[in-house]
Amino acid sequence: MKLGGFILTTCAVLIGGAGLLWATDGLRAFTAEGARRLEIARIQPQVPDIRVETMSGAFKTLATTTGEVTLVEFIYTTCADLCQASGGEFAELRDLIVQQDLPVRMLSVSFDPEVDDVNALISYGELHNAYDETWTIARPDVSALQSILDFFQVTVIPDNWGGYQHNTAVLLINPDGQFSGVYNTNAYKEITQAVKAAL
Amino acid sequence: MNFILAGISFLLAIAVQFWVAGDPVIHVLVQFPLLAISGYLLVAGQTIRDVWVGPALVLAVCSILFWMLPRTLDAVLNDWGMHFAKFALLPLTVGVPLALCWKRLHLIVRGFVKTETISMLGILGFLYTHAPVRICNSYLIDDQIRLGFSFFYVAGALSLLWIIPVFRGAEVPTNQIIKKLRIL
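Chains as they are written, first to last, in my numbering: chain A, 608 to 806; chain B, 902 to 1085.
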């Protein structure tokens, strides 16, 4: 009887432990954001044909076929604190990329295209010294927005002050047009290394 | 009677569903416990054979750990399968096994589970109040901090709830307690 209980309990511990390992991708991802990053790195989904309107009024696709890496971050121009910080970080990343002469396009894409018109994109760009070359600010079509957010697994929730909170990150699209990496906005070294690896 | 209370608890859990998407405190500290309690009450008073006591406790503990993961919280809000799994599994794999094994557990094990519960709530409280990033993509940072403080409040409340009987005096005669301790 005692031995039977011991064996059954041991089995339960093994099964339960295996279940928890499975649920956390081997203790590597406890949060949805961690799981998203592992999944993207593993699957590397092909980016659909998405067009965005840039601050200069031109239309660009997110993925290119010209051998460049594209770095995307989602923003909204009326953001008071966090995006201003991440905008500054994107500027710093741009400086690093220009310095190292890497073939990279950088896009800050608004997830609030109803409010963020081209003029809003221009003033956001001016505020952060985005000159359209290398780094530009862009807005998707309102009707395409939700599918874009779904594809990149961007969760946007309204805060109580008329703004939004979202899982801010730098998203990497490789020269093959695959969405292949998600990085913290200030992980400059990690991002430049990933860019070099993707080229 | 327990059956009715279990039903009421389950219905209350469904009723608060309206608020769970906007408030993690309601989600984690009201709805989750209500669902577990409904399972507990469903089989309260029933018992299982000794061999199953250990596995039942392990099942309950592993399930609780799973439902404590921040990614689980995001998943139930974004995935219909997980949404329904929440209503089925919290009663059936947390409440039910806990009810079936609790009375059969050794006094020391029960004490261990209780102290672990309190310290785990303390750790969660610290994590959610001090994390520099948002832990759940679906909840605002202010709500995350509020949830952290709520973990502290619950830890405090449970400490009080479980320490009061100690000072109230022993319900079993002392010689029986000594006998129980000798079994160790």
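No residue lacks a Cβ here, since even glycine has one placed at the ideal position from N, Cα and C.
Where are the beta strand (DSSP E) runs, 3 residues long or more, that stay fully inside the segment 713-784 of chain A, in chain order?
-> 742-747, 763-765, 771-773, 777-780
SER787 (chain A): first and last residue of the uninterrupted alpha helix (DSSP H) it sits in = Within the first sequence, the letter at position 180 stands for residue 787 (chain A). Segment 786-790 is the beta strand (DSSP E) holding SER787 (chain A); no alpha helix (DSSP H) there.
Range covered by the alpha helix (DSSP H) that runs through LYS1004 (chain B) | Taking the second sequence and counting its residues from 1, one reaches residue 1004 (chain B) at position 103. Counting along the chain, LYS1004 (chain B) falls outside any alpha helix (DSSP H), and DSSP gives it neither H nor E.
CA-to-CA distance, PHE758 (chain A) to THR661 (chain A), given in whole angstroms | Within the first sequence, the letter at position 54 stands for residue 661 (chain A). Within the first sequence, the letter at position 151 stands for residue 758 (chain A). Their backbone Cα atoms lie some 20 Å apart in a straight line.
Looking only at its own chain, which residues have a Cβ that is under 8 Å from the Cβ of ILE764 (chain A), when we skip the five neighbours before and after it?
-> Position 157 of the first sequence, counted from the first residue, corresponds to residue 764 (chain A). TYR771, GLN772, HIS773.
What residue does the beta strand (DSSP E) around THR677 (chain A) start on, and which one ends it?
-> Position 70 of the first sequence, counting from 1, holds the residue named residue 677 (chain A). Looking at the DSSP string, the run of the beta strand (DSSP E) that includes THR677 (chain A) is 676-682.
The alpha helix (DSSP H) spanning THR973 (chain B) covers which residue range?
-> Indexing the second sequence from 1 puts residue 973 (chain B) at position 72. Note, THR973 (chain B): alpha helix (DSSP H), 971-979.
Quick one: what's VAL711 (chain A) bridged to in DSSP?
-> For the purposes of this step, residue 711 (chain A) is identified with residue 104 of the first sequence, where counting begins at 1. Answer is A:VAL676, bridged to VAL711 (chain A).
Closest to VAL921 (chain B) by CA distance: which of B:LEU1041, B:LEU1062, B:PHE1068, B:LEU1006 is it?
-> For the purposes of this step, residue 921 (chain B) is identified with residue 20 of the second sequence, where counting begins at 1. Out of B:LEU1041, B:LEU1062, B:PHE1068, B:LEU1006, B:LEU1041 has the C-alpha closest to the C-alpha of VAL921 (chain B).
Report back the beta-carbon spacing between VAL679 (chain A) and LEU778 (chain A) to the nearest angstrom; my notes put them in contact at under 8 Å.
-> Against the first sequence, residue 679 (chain A) aligns to sequence position 72. Against the first sequence, residue 778 (chain A) aligns to sequence position 171. Confirmed, about 4 Å.
Would you list the one or two residues that DSSP bridges to VAL659 (chain A)?
-> Looking up residue 659 (chain A) in the first sequence gives position 52. Its beta-bridge partners are A:LYS667, A:PRO747.
Between A:ASP719, A:SER754, A:ASP748, A:LEU714, which lies nearest to HIS735 (chain A) when the distance is taken from Cα to Cα?
-> By one-based count along the first sequence, residue 735 (chain A) stands at place 128. It is A:LEU714.
With DSSP as the reference, label GLN918 (chain B) as helix, strand or coil.
-> Reading the second sequence from its first residue, position 17 is the one you call residue 918 (chain B). Of the three classes helix, strand and coil, the one that applies to GLN918 (chain B) here is helix, per DSSP.
Give a yes or no on whether 7 Å exceeds the smallest Cβ distance from ALA648 (chain A) to chain B.
-> Here residue 648 (chain A) refers to the residue found at position 41 of the first sequence. Taking 7 Å as the CB threshold, ALA648 (chain A) stays off the interface with chain B.
For VAL763 (chain A) and chain B, any beta-carbon pair shorter than 7 Å?
-> One-based indexing of the first sequence puts residue 763 (chain A) at position 156. So no, VAL763 (chain A) is outside the interface.
Measuring CB to CB, does LEU627 (chain A) end up less than 7 Å from ALA636 (chain A)?
-> The residue given as residue 627 (chain A) occupies position 20 in the first sequence. The residue given as residue 636 (chain A) occupies position 29 in the first sequence. Against a cut-off of 7 Å, the Cβ pair of ALA636 (chain A) and LEU627 (chain A) comes out as no contact.
Who are the Cβ neighbours of LEU978 (chain B) in its own chain at under 7 Å, not counting the five residues just before and after it?
-> Position 77 of the second sequence, counted from the first residue, corresponds to residue 978 (chain B). Counting only Cβ-Cβ distances below 7 Å, and skipping sequence neighbours, we find ALA922, SER1039.
DSSP three-state call for GLN706 (chain A): helix, strand or coil?
-> In the first sequence, residue 706 (chain A) corresponds to position 99, counting from 1. GLN706 (chain A) falls in the helix class under three-state DSSP.
How is the alpha helix (DSSP H) around CYS618 (chain A) delimited, first residue to last?
-> One-based indexing of the first sequence puts residue 618 (chain A) at position 11. That run of the alpha helix (DSSP H) goes 609-630.
Start and end of the alpha helix (DSSP H) containing ALA801 (chain A)?
-> Position 194 of the first sequence holds residue 801 (chain A). Taken as a continuous stretch (DSSP letters only), the alpha helix (DSSP H) holding ALA801 (chain A) covers 795-805.
Among B:ASP1043, B:PRO934, B:ILE1019, the one whose alpha carbon lies nearest that of PHE1053 (chain B) | Walking along the second sequence from the start, residue 1053 (chain B) turns up at place 152. When each option's Cα is compared against that of PHE1053 (chain B), the closest is B:ILE1019.
Assuming VAL997 (chain B) and LEU912 (chain B) make a contact with CB atoms under 8 Å, what is their CB distance in whole Å?
-> Here residue 997 (chain B) is taken as the residue at index 96 of the second sequence, counted from 1. Here residue 912 (chain B) is taken as the residue at index 11 of the second sequence, counted from 1. That belief does not hold up - the Cβ atoms of VAL997 (chain B) and LEU912 (chain B) are roughly 18 Å apart, past 8 Å.
Identify every residue that forms a DSSP beta bridge with GLN932 (chain B).
-> In the second sequence, the residue the question calls residue 932 (chain B) occupies position 31. Paired residue(s): none; GLN932 (chain B) is not in a bridge.
Whether LYS1015 (chain B) touches TRP1063 (chain B) by CB criterion (7 Å) | Within the second sequence, residue 1015 (chain B) is the residue found at index 114, counting from 1. Within the second sequence, residue 1063 (chain B) is the residue found at index 162, counting from 1. It is a contact, given that the beta carbons lie within the stated cut-off.
Any Cβ of chain B within less than 7 Å of the Cβ of VAL620 (chain A)?
-> Start at 1 with the first residue of the first sequence, and residue 620 (chain A) comes out as number 13. For VAL620 (chain A), the answer is yes, since a Cβ of chain B falls inside 7 Å of its Cβ.
Considering only the beta carbon of each residue, do ARG972 (chain B) and THR638 (chain A) sit closer than 7 Å?
-> Start at 1 with the first residue of the second sequence, and residue 972 (chain B) comes out as number 71. Start at 1 with the first residue of the first sequence, and residue 638 (chain A) comes out as number 31. Yes.
Could you confirm whether any beta carbon from chain A is found closer than 7 Å to the beta carbon of CYS847 (chain B)?
-> Chain B is shown from 902 up to 1085; residue 847 (chain B) falls before or after that span and cannot be answered.
In the structure shown, what three-state DSSP assignment does GLN947 (chain B) receive?
-> In the second sequence, residue 947 (chain B) corresponds to position 46, counting from 1. Looking at GLN947 (chain B) - three-state DSSP - the assignment turns out to be coil, as it is neither helix nor strand.
C-beta atoms of SER1060 (chain B) and LEU930 (chain B) nearer than 7 Å | Counting from one through the second sequence, the residue named residue 1060 (chain B) turns up at place 159. Counting from one through the second sequence, the residue named residue 930 (chain B) turns up at place 29. It is not a contact, given that the beta carbons lie outside the stated cut-off.
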